[in-house]
Amino acid sequence: MLKNFKHERLETNAGLLLVATMLSISVGGLVEIAPLFLIDDTMEKVDGVRPYTPLESRGRDIYIREGCYTCHSQMIRPFRDEALRYGHYSLAAESKYDHPFQWGSKRTGPDLARVGGKYSNEWQVQHLIQPKSVVPESVMPNYPWLMSPLDYADVGDRLRALRTTGVPYSLSQAEYDANVKQFGAEVAKTLHIPDAQKNLVAQAQEGNYDGDRAIVTEMDGLVAYLQVLGTMVDFSKYKPEDLVKYR
Amino acid sequence: MADSAQNQGVQTTGHVWDETLQEWNNPLPVWWTYSFYATIVFALVYWTFYPSWPFGKSFLPGMAQITYTNAQGQEESWHWNTRAKLLKETQEANAQQMPYYAKLMQTPFEQIGKDPELSSFVVSAGKVAFSDNCAACHQAGGAGKVGLFPNLADDDWIYGGSHEKIQETLVKGRRGYMPPFAEALDAAQIDALANYVLSLSGGQADAAKVATGKELFHSQTAACYYCHGDNAKGRQDVGAANLTDKVWLWADVPGAADAEGKLAAVKKVISGGMAKGVMPAWEGRLSPEQIKLLTVYVHELGGGK
Chain F
1 MLKNFKHERL ETNAGLLLVA TMLSISVGGL VEIAPLFLID DTMEKVDGVR
51 PYTPLESRGR DIYIREGCYT CHSQMIRPFR DEALRYGHYS LAAESKYDHP
101 FQWGSKRTGP DLARVGGKYS NEWQVQHLIQ PKSVVPESVM PNYPWLMSPL
151 DYADVGDRLR ALRTTGVPYS LSQAEYDANV KQFGAEVAKT LHIPDAQKNL
201 VAQAQEGNYD GDRAIVTEMD GLVAYLQVLG TMVDFSKYKP EDLVKYR
Chain S
1 MADSAQNQGV QTTGHVWDET LQEWNNPLPV WWTYSFYATI VFALVYWTFY
51 PSWPFGKSFL PGMAQITYTN AQGQEESWHW NTRAKLLKET QEANAQQMPY
101 YAKLMQTPFE QIGKDPELSS FVVSAGKVAF SDNCAACHQA GGAGKVGLFP
151 NLADDDWIYG GSHEKIQETL VKGRRGYMPP FAEALDAAQI DALANYVLSL
201 SGGQADAAKV ATGKELFHSQ TAACYYCHGD NAKGRQDVGA ANLTDKVWLW
251 ADVPGAADAE GKLAAVKKVI SGGMAKGVMP AWEGRLSPEQ IKLLTVYVHE
301 LGGGK
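Protein chains in written order, with my numbering: chain F, 1 to 247; chain S, 1 to 305.
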């Protein structure tokens with residue numbers, strides 16, 4: 001049959017060409033993507049990684065809305081220069097609740113995978129409003145409008161959407177109990193969708209990220225998100241060799 | 001066209017359009033074809049040495065090995081991967097740097113400056129660490145920012161400028177706080193206090209208000225003396241500022257255009273208080289060696305005690 005197959009038949013038959021093109025492209029997909037759903041040896045088994053709280057999650061939405069990812073990556077590669085500047089290399093497990101993940105590959109600004117806790121809230125606020133006021137050589141734009149009130153009426157729906165992708169936000173008592181078992185009671189409370197608005201306001205009040213407790217601003221959300229980046233895993237609990245075996 | 005193609009002995013695909021328009025079928029250059037085959041051979045070799053194909057629930061790790069000496073001094077081997085490579089490279093770089101860091105850790109603070117080799121190491125390595133970690137707030141030269149971050153290059157210290165205190169600040173971080181007095185005091189009292197505070201460092205102030213302010217400062221009503229001290233020189237154990245010098249951090253007195261502006265800047269801090277001034281804790285993020293390096297570097301910036 002192959003002997004009789006002429007290139008001309010493909011070129012002159014649009015339907016056949018379409019099917020053949022899709023077949024050859026899907027080989028790449030099958031080889032590269034399908035195994036990712038089967039391999040479980042590459043996901044590090046580390047403690048501490050949890051889904052974002054409602055406030056952090058809204059902050060993450062703002063991070064995406066403002067296009068922060070176009071200049072900032074969140075992926076510290078296992079190179080010595082990156083480890084020296086940014087800290088421990090990123091683990092696959094650390095972005096397992098990120099949908100979509102924010103790894104990125106474009107660094108006009110520095111990597112942000114471990115920016116949490118590196119600077120104070122005041123610095124983050126000042127820097128987001130006017131980056132050049134603290135980093136004179138910066139080319140980052142100003143984001144003064146982040147001090148406007150945060151719309152959090154739909155935060156429950158947003159978490160529900162993430163839940164459909166597999167992030168364990170809880171709706172029922174049974175799911176809540178499962179979260180208590182997995183993350184502890186304190187974290188499980190923040191993952192309960194019916195209490196999302198209440199928890200968001202409580203975290204913004206307590207954290208006082210933007211220096212103003214009176215209103216919950218977008219700045220509260222974004223700084224809460226930035227301050228948790230890369231802080232969930234306690235690396236002092238692991239020897240370097242514990243993490244090598246996953247590669 | 002058709003004739004000339006045949007004349008030159010070129011193959012055609014046999015497609016003909018518009019009577020004479022033909023599609024040539026020139027073979028690829030030989031060098032290109034063999035380069036293509038060579039890449040296939042390269043891939044086969046690569047797959048045998050380096051991690052490649054997914055295989056069941058795991059993957060083929062390949063035959064290449066990385067061997068290095070771990071922290072316990074034992075040799076360890078892994079299949080080639082970037083994480084093991086990082087361990088090896090870090091270990092090799094540490095072998096070169098460690099003599100300096102070990103010497104830094106062994107040498108008492110006051111001896112470091114007397115050792116020319118060690119102090120030039122502190123200056124060069126410290127500058128890099130400072131730029132990466134400290135300069136975002138305290139600025140490249142350590143001059144800080146009025147209203148936000150303290151100056152590290154002068155000899156005025158909020159929490160103490162000895163090596164031990166600087167190290168403590170780095171390790172544990174700091175959290176500045178002054179309560180707001182807007183509710184406890186009325187406008188006239190705050191005005192009087194601000195006049196007194198300005199007069200302490202030789203600023204322009206109303207003499208009558210200074211007297212009232214001084215009384216308030218030492219009274220139980222305002223109780224400023226409790227943190228700032230009877231002599232208003234501050235208390236480093238609680239991070240209360242010295243009010244008798246001309247160094248300002250929270251009230252932007254130097255930036256104010258006139259006497260009224262200076263007064264307003266001080267009044268703003270008295271009435272609103274200060275809940276900023278957070279220094280992050282660096283323990284865990286930086287190694288004890290890096291913290292000692294930065295302690296000495298900051299101490300040497302100009303104002304170490």
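C-beta: ideal position from N, C-alpha, C; glycine also.
Distance between beta carbons of residue j and residue i, contact taken as under 8 Å
i                      : j                      : result
residue 147 of chain F : residue 217 of chain F : 5 Å
residue 144 of chain S : residue 150 of chain S : 5 Å
residue 167 of chain F : residue 51 of chain F  : 5 Å
residue 74 of chain F  : residue 14 of chain F  : Rounded, the Cβ-Cβ distance is 43 Å, inconsistent with contact.
residue 233 of chain S : residue 244 of chain S : 6 Å
residue 239 of chain S : residue 161 of chain S : About 13 Å; that fails the 8 Å criterion.
residue 194 of chain S : residue 263 of chain S : 5 Å
residue 244 of chain F : residue 81 of chain S  : 7 Å
residue 85 of chain F  : residue 132 of chain S : 6 Å
residue 225 of chain S : residue 217 of chain S : 6 Å
Option nearest residue i by Cα separation, candidates the options
i                      : options                      : result
residue 75 of chain S  : S:87, S:121, S:81 and S:137  : S:87
residue 105 of chain F : F:72, F:219 and F:80         : F:72
residue 67 of chain S  : S:227, S:273, S:230 and S:78 : S:78
residue 197 of chain S : S:42, S:120, S:212 and S:174 : S:212
residue 60 of chain F  : F:86, F:101, F:209 and F:176 : F:101
residue 278 of chain S : S:70, S:72 and S:170         : S:170
residue 227 of chain F : S:280, S:36, S:303 and S:37  : S:280
residue 37 of chain F  : S:184, S:46, S:57 and S:219  : S:57
residue 99 of chain S  : S:121, S:44 and S:48         : S:121
residue 174 of chain S : S:109, S:282 and S:45        : S:282
residue 73 of chain S  : S:61, S:95 and S:163         : S:95
residue 101 of chain S : S:125, S:90 and S:113        : S:125
residue 174 of chain F : F:5, F:191, F:39 and F:10    : F:191
Check whether residue i and residue j have beta carbons under 8 Å apart
i                      : j                      : result
residue 105 of chain S : residue 289 of chain S : yes
residue 83 of chain S  : residue 78 of chain F  : yes
residue 270 of chain S : residue 190 of chain S : yes
residue 294 of chain S : residue 93 of chain S  : no
residue 123 of chain F : residue 136 of chain S : yes
residue 47 of chain F  : residue 76 of chain F  : no
residue 143 of chain F : residue 66 of chain F  : yes
residue 223 of chain F : residue 209 of chain F : yes
residue 236 of chain F : residue 284 of chain S : yes
residue 251 of chain S : residue 268 of chain S : yes
residue 188 of chain F : residue 179 of chain F : yes
residue 125 of chain F : residue 211 of chain F : yes
residue 167 of chain S : residue 292 of chain S : yes
residue 91 of chain S  : residue 69 of chain S  : yes
residue 51 of chain S  : residue 59 of chain S  : yes
Own chain partners of residue i with C-beta closer than 7 Å, once the 5 adjacent residues on each side are dropped
i                      : result
residue 159 of chain F : 54, 57, 169, 193 and 196
residue 154 of chain S : 247, 302 and 303
residue 325 of chain S : No statement about residue 325 of chain S is possible, as the shown extent of chain S runs from 1 to 305 and does not include it.
residue 179 of chain S : 273
residue 134 of chain F : 123, 126 and 127
residue 150 of chain F : 58, 216, 217, 218, 220 and 221
Neighbourhood of residue i by C-beta, 8 Å cutoff - its chain only, sequence neighbours within 5 removed
i                      : result
residue 123 of chain S : 297 and 300
residue 107 of chain S : 115 and 118
residue 85 of chain S  : 66
residue 42 of chain F  : 92, 246 and 247
residue 119 of chain F : 127
residue 48 of chain S  : 62 and 63
Same chain, Cβ closer than 6 Å to residue i, five either side skipped, listed in chain order
i                      : result
residue 131 of chain F : 138 and 140
residue 18 of chain F  : none
residue 204 of chain F : 55, 216 and 220
residue 256 of chain S : 262 and 265
residue 121 of chain F : 209 and 223
residue 148 of chain S : none
residue 213 of chain F : 205
residue 183 of chain F : 50
Taking a cut of 7 Å between CB atoms, which residues from the stretch 91 to 102 of chain S lie near chain F? Against chain F - using a Cβ distance shorter than 7 Å - the residues of the stretch 91 to 102 of chain S are 93.
Mind listing which residues of the stretch 102 to 134 of chain F have their C-beta closer than 9 Å to chain S's C-betas, in chain order? 114, 117, 118, 119, 120, 121, 122, 123, 126, 127, 133 and 134: these are the residues of the stretch 102 to 134 of chain F whose beta carbon lies less than 9 Å from some beta carbon of chain S, given in chain order.
Check each residue of the stretch 53 to 82 of chain F: if its Cβ is closer than 7 Å to any Cβ of chain S, include it; give the result in chain order. For the stretch 53 to 82 of chain F, the residues whose beta carbon sits under 7 Å from a beta carbon of chain S are, in order, 78, 79 and 80.
Closer than 9 Å, Cβ to any Cβ of chain S: which residues of the stretch 206 to 239 of chain F, in chain order? Of all residues in the stretch 206 to 239 of chain F, only 208, 211, 234, 235, 236 and 239 come within less than 9 Å of chain S when Cβ atoms are compared, listed by chain position.
Residues of the stretch 251 to 269 of chain S with a CB closer than 9 Å to any CB of chain F: list them in chain order, please. For the stretch 251 to 269 of chain S, the set of residues with a beta-carbon nearer than 9 Å to any beta-carbon of chain F is empty.
Selection of the stretch 11 to 40 of chain F by Cβ proximity to chain S, strictly under 7 Å: Flagged, chain order: 35, 38, 39 and 40.
May I ask you to list, following chain order, the residues of the stretch 136 to 150 of chain S that have a beta carbon less than 7 Å from some beta carbon of chain F? Of all residues in the stretch 136 to 150 of chain S, 136, 137, 145 and 148 have a Cβ within less than 7 Å of some Cβ in chain F.
Which residues, in order along the stretch 74 to 86 of chain S, keep a beta-carbon less than 8 Å from a beta-carbon of chain F? Under the 8 Å Cβ criterion, the stretch 74 to 86 of chain S contributes 76, 78, 81, 82, 83, 84, 85 and 86.
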